[in-house]
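Let me begin by presenting the structure, written as structure tokens, before commenting on it.
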Amino acid sequence: MPEFRSDTNVPVIYGATEHVGRSRLVPGVRVRRYTEDAPGGCLDVITPCCPRIARLRGDWRHGHHLVLCTKHALAYDVYLIDENDGGFGALFVVRDEQPVLARRRTGGWLAAQHPGDDRVSGPEDGARGWTGHE
Ligand SMILES: [Zn+2]
């Protein structure tokens, strides 16, 4: 069972196997999750909001990591906990930020800007929505 803060009755930490509904992932809530070694010395961690995986690279044993779920626009600080058995656990802390996710350009004057940008991937991203503003 999660701990409860007496002042708000909000659970502040969930265990590694607990399902946590999206409505409970509010800033400050902490969720433990398992990790798994990944190729190249990386470490995979499963996000609390959905089954997506964040792959931590570099010196992931130290400090903490900013992880963003691009499906749910939730940002986490992730701390790693040495389990002293050769493995690591992950502690996700929901951040206060509410990121706004960028999406594909479709239609409209703004979407037609920078038409020479070769990162635009298809005809639907081009000048179809051009309205003649200059
Ligand atoms: Zn998610």
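Using my numbering, you'd call the opening residue of the sequence shown number 3 and step up by one each time.
Every residue gets a Cβ at the ideal spot worked out from N, C-alpha and C, and that includes glycine.
For clarity, every value in this text was computed on a predicted model and none was experimentally measured.
Exercise for the section: Could you have a look at G43 and say whether DSSP puts it in helix, strand or coil? Expected result: Taking the sequence shown and counting its residues from 1, one reaches residue 43 at position 41. Three-state result, G43: helix.
Exercise for the section: Say yes only if the C-beta of C44 is nearer than 7 Å to one or more non-hydrogen atoms of ligand 1, and no if none qualify. Expected result: As a working note, residue 44 is residue 42 in the sequence shown. Incorrect: C44 has no Cβ contact closer than 7 Å to ligand 1.
Handout entry: Proximal residues to A18 (C-beta, below 6 Å), its chain only, five neighbours per side dropped
Key = Translated into the one-based positions of the sequence shown, residue 18 becomes position 16. Cβ neighbours of A18 beyond the five flanking positions: R34, R35, Y36.
Practice task
Identify every residue that forms a DSSP beta bridge with G91.
Solution key: For this step, residue 91 is matched to residue 89 along the sequence shown. Answer is Y36, I83.
Problem - Where Y16 sits in the DSSP three-state scheme - result: On the sequence shown, residue 16 is found 14 positions in, with the first residue counted as 1. DSSP places Y16 in strand when its eight states are reduced to three.
Exercise for the section: Could you please go through the chain and list the residues whose beta-carbon is closer than 7 Å to any non-hydrogen atom of ligand 1? Expected result: T49, C51, C52, R54, C71, K73, H74, L76
Practice task
Could you check which residue in R26, I83, K73, D87 has the C-alpha nearest to that of H66?
Solution key: Translated into the one-based positions of the sequence shown, residue 66 becomes position 64. The residue with the shortest Cα to Cα distance from H66 is I83.
Problem - As assigned by DSSP and simplified to three states, the class of R57 - result: Start at 1 with the first residue of the sequence shown, and residue 57 comes out as number 55. It is a strand residue.
Handout entry: Beta-carbon gap between Y81 and V69 smaller than 8 Å
Key = Position 79 of the sequence shown, counted from the start, is the residue given in the question as residue 81. Position 67 of the sequence shown, counted from the start, is the residue given in the question as residue 69. Contact: no.
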